[in-house]
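Protein chains in written order, with this note's numbering: chain A, 1 to 375; chain B, 1 to 298.
This is the structure we're talking about:
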């Protein structure tokens with residue numbers, strides 16, 4: 001109870017800091033921030049599905065694509081040309097509907113089987129994106145119509161805007177949109193996770209039989225988790241499309257799905273804050289490494305001699321290794337690491353509290369493990 | 001009719017190669033409960049080793065070394081990265097994600113080495129063809145069918161007749177009971193991983209042989225098509241994986257062969273047809289075609 005006030009103060013400071021950043025950072029950093037925010041929204045959605053409901057999904061890229069392309073088609077020409085704000089909402093609903101259509105599979109297929117079944121979505125979706133030229137623009141993709149809200153466009157002009165001497169271009173404007181949507185995601189997801197649905201899903205993950213005995217409708221909850229997760233992915237897709245200003249099918253491949261899986265694993269399964277941290281890590285790392293390639297040891301600038309390690313490759317090595325190392329030494333991810341560090345700091349300051357929920361009874365756990373006979 | 005037979009033969013050859021990969025998946029899954037996402041990179045590693053060694057060692061020697069090294073890498077991966085910590089079936093999904101990390105590192109490195117090149121594996125079949133009645137078949141396809149059949153038969157014999165196979169089946173049935181009967185689970189697991197790695201390296205040869213242009217940095221992605229094959233068969237059943245692979249291979253070849261008639265589905269639908277088949281099968285049978293009926297259905 002007592003740590004609620006400092007925690008709130010911390011959240012307030014963080015919010016103010018995030019709101020102030022566009023006044024100090026240039027477009028490069030703002031774009032990193034935007035991509036990270038979009039990724040965080042998607043990762044929170046996947047975390048809901050994989051971390052809480054225990055369902056492995058490799059189809060996240062597909063739902064991102066549905067959101068992104070849905071928005072582009074609904075708001076653009078050719079397409080109905082709806083007001084962009086309405087298109088945004090409809091695109092999110094469309095992604096949810098796509099998740100719902102898959103629910104006959106998602107509700108019945110479990111764990112690893114679902115992982116592979118969702119793999120099918122990515123490949124089939126990619127195929128559709130390539131062939132349905134009239135809607136998706138085929139291989140070359142489509143440009144994204146800018147978002148407009150009551151006459152205020154999220155572009156470089158129209159209307160010209162200068163706040164406190166800082167010209168507000170597309171990045172600055174989208175930054176605040178991203179913040180708003182991230183906050184929305186954060187609160188809704190935490191509400192879901194801490195409320196009744198979250199508890200039902202956790203029970204489902206731990207034991208299907210026990211959960212159903214307690215009155216949790218297994219197939220319905222699984223499908224619902226899938227639909228909600230698809231909607232977050234759709235929202236992330238729209239934000240990504242707005243940040244990229246152009247959508248192409250090849251972006252929404254299996255690698256993207258794997259990225260999202262890596263985000264939630266590195267961040268720590270089943271935690272909103274962890275998913276956000278993982279998303280920032282996975283998104284920002286390659287961009288930063290490309291930018292600062294010339295200052296890093298062992299990394300060559302892009303396009304230099306063959307056989308040397310370029311920044312993209314270095315980022316991939318680091319990223320693959322990060323997944324392995326995090327899972328080997330901190331299977332509960334960055335979130336678990338932070339929690340344990342905090343608990344240790346607190347224990348250092350005062351006497352250990354026996355009933356502190358933040359510090360699980362580790363001695364007891366290790367005692368149990370020691371008793372177990374390893375075959 | 002000739003066209004149909006042609007497509008069927010192509011499909012069988014394709015299915016035979018998928019079967020080598022899918023059998024590896026299933027063996028690993030049976031022994032450890034892990035879905036090995038690094039299988040594609042193991043396949044690429046095997047192909048790459050064969051490609052760079054065949055000038056010095058000859059094709060057979062290079063292939064033998066590639067199979068052994070890939071098997072060793074797979075085994076080492078299991079021992080060093082996956083088998084750390086407690087042996088708990090619930091950690092299988094964490095280990096599955098570790099294999100994704102390993103895959104990213106391996107593929108990045110191999111792709112960097114291969115670059116944009118097409119590597120020849122120096123296989124003895126080249127672009128020779130054989131006439132079978134009205135059909136003309138590439139020798140490499142016939143070799144793919146024959147070698148896969150042999151390798152798969154050998155793997156099945158291993159499962160069926162050796163003490164290791166018995167232990168593997170016992171461990172898959174009930175790991176705890178098997179451990180109490182003196183089965184050394186860690187060793188069983190590692191051998192299973194080695195076997196799967198070797199099979200993947202073998203599959204690489206036929207994926208890079210004629211009529212494919214050679215080994216590319218993307219060849220490993222073929223392994224992803226063996227996922228549907230393994231799932232179709234029910235993941236824990238080697239025979240199911242074989243049937244699933246043939247089904248997937250035939251589907252792919254037939255859809256590609258009759259592409260003009262199926263152009264509603266778009267160009268290149270053959271490449272994604274396996275996934276469509278898999279979704280349809282999973283709709284009807286959520287645990288695959290050959291899986292034992294689950295007792296915990298709620």
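In this text, a Cβ means the ideal position worked out from N, Cα and C, and glycines have one as well.
Are residue 42 of chain A and residue 345 of chain A closer than 9 Å when you measure CB to CB?
no
Where does residue 245 of chain A land, buried or exposed, given buried means 16+ other C-beta within 10 angstroms?
exposed
Residue 200 of chain B and residue 188 of chain B look like a contact to me (Cβ under 8 Å); what is the Cβ gap, rounded to whole Å?
Incorrect: roughly 19 Å between the Cβ atoms, too far for contact.
Name the residues in the stretch 322–336 of chain A whose C-beta lies less than 7 Å from a C-beta of chain B; which are they?
323, 324, 327, 328, 331
Rounded to a whole number of angstroms, what is the C-alpha to C-alpha distance between residue 314 of chain A and residue 60 of chain B?
35 Å
Own chain, CB closer than 8 Å to residue 83 of chain A, minus 5 neighbours either side, in chain order
75, 148
Reduced DSSP category for residue 77 of chain A - H, G, I as helix; E, B as strand; rest coil
coil
My understanding is that residue 148 of chain B touches residue 19 of chain B, with C-beta atoms under 8 Å, so please give their C-beta distance in whole angstroms.
6 Å
For residue 246 of chain A, does the three-state DSSP call read helix, strand or coil?
strand
Please determine, among B/153, B/45, B/95, B/12, the residue with the shortest C-alpha to C-alpha distance to residue 330 of chain A.
B/95
Ignore the nearest five residues each way along the sequence and tell me which others in residue 35 of chain B's own chain have a CB closer than 6 Å to its CB.
96
Anything in the stretch 95–113 of chain A with a Cβ closer than 7 Å to a Cβ of chain B? List those residues in chain order, please.
104, 105, 108, 109, 111, 112, 113
Indicate, with yes or no, if the ligand MN has a heavy atom lying under 8 Å from the CB of residue 243 of chain A.
The ligand MN is not among the ligands present in this structure, which contains no ligands whatsoever.
Taking 9 Å as the threshold (beta carbon to beta carbon), is residue 313 of chain A in contact with chain B?
yes
When you compare the CB of residue 222 of chain B with every CB in chain A, is at least one pair closer than 9 Å?
no
Less than 9 Å between CB atoms is the rule here; does residue 123 of chain A satisfy it with respect to chain B?
yes
Examine chain B for any beta-carbon lying closer than 9 Å to the beta-carbon of residue 220 of chain A, and answer yes or no.
no
If you reduce the DSSP assignment to three classes, tell me which class residue 138 of chain B lands in.
strand
Measuring CB atoms only, is the stretch 49–63 of chain B touching the stretch 226–236 of chain B, in the sense that at least three cross pairs come out at less than 8 Å?
no
Relative to the C-alpha of residue 106 of chain B, which residue among B/3, B/46, B/288, B/132 is closest?
B/46
Which parts of the stretch 102–156 of chain A are runs of the beta strand (DSSP E), unbroken and 3 residues or longer, counting only runs that do not cross its ends?
none
Do you know how far the Cα of residue 130 of chain B is from the Cα of residue 275 of chain B?
32 Å
Please work out which residues of its chain come closer than 8 Å, Cβ to Cβ, to residue 113 of chain B, disregarding the five sequence neighbours upstream and downstream, and give them in chain order.
48
Name the chain A residues whose beta carbon is nearer than 9 Å to that of residue 188 of chain B?
Ordered by position in chain A, no residue passes the 9 Å Cβ test against residue 188 of chain B, which lies about 10 Å from the chain.
Against chain A: residues of the stretch 23–49 of chain B by CB proximity under 7 Å
35
Have a look at residue 219 of chain B and residue 80 of chain A and give me their C-alpha separation to the nearest angstrom.
41 Å
Can you list, in chain order, the residues of its chain whose CB lies under 6 Å from that of residue 51 of chain B, leaving out five sequence neighbours each side?
119, 121, 215
Residue 119 of chain B by DSSP, collapsed to three states: which one?
strand
Option nearest residue 41 of chain B by Cα separation, candidates B/99, B/277, B/178, B/181
B/99
Are the C-beta atoms of residue 120 of chain A and some chain B residue less than 9 Å apart?
yes
For residue 10 of chain B, write down the residues that DSSP places opposite it in a beta bridge.
In the DSSP output, where bridge partners are listed per residue, residue 10 of chain B has none listed.
I'd like to check one pair, residue 113 of chain A with residue 247 of chain A: are the Cβ atoms closer than 9 Å?
no
For a cutoff of 9 Å on Cβ pairs, would you count residue 310 of chain A as touching chain B?
yes
So if I threshold CB-CB distances at 7 Å, which residues from the stretch 168–183 of chain B count as touching chain A?
179
Please state if the CB of residue 139 of chain A and the CB of residue 249 of chain A are separated by a distance shorter than 9 Å.
yes
So, with DSSP's three-state summary, where would you put residue 34 of chain B?
coil
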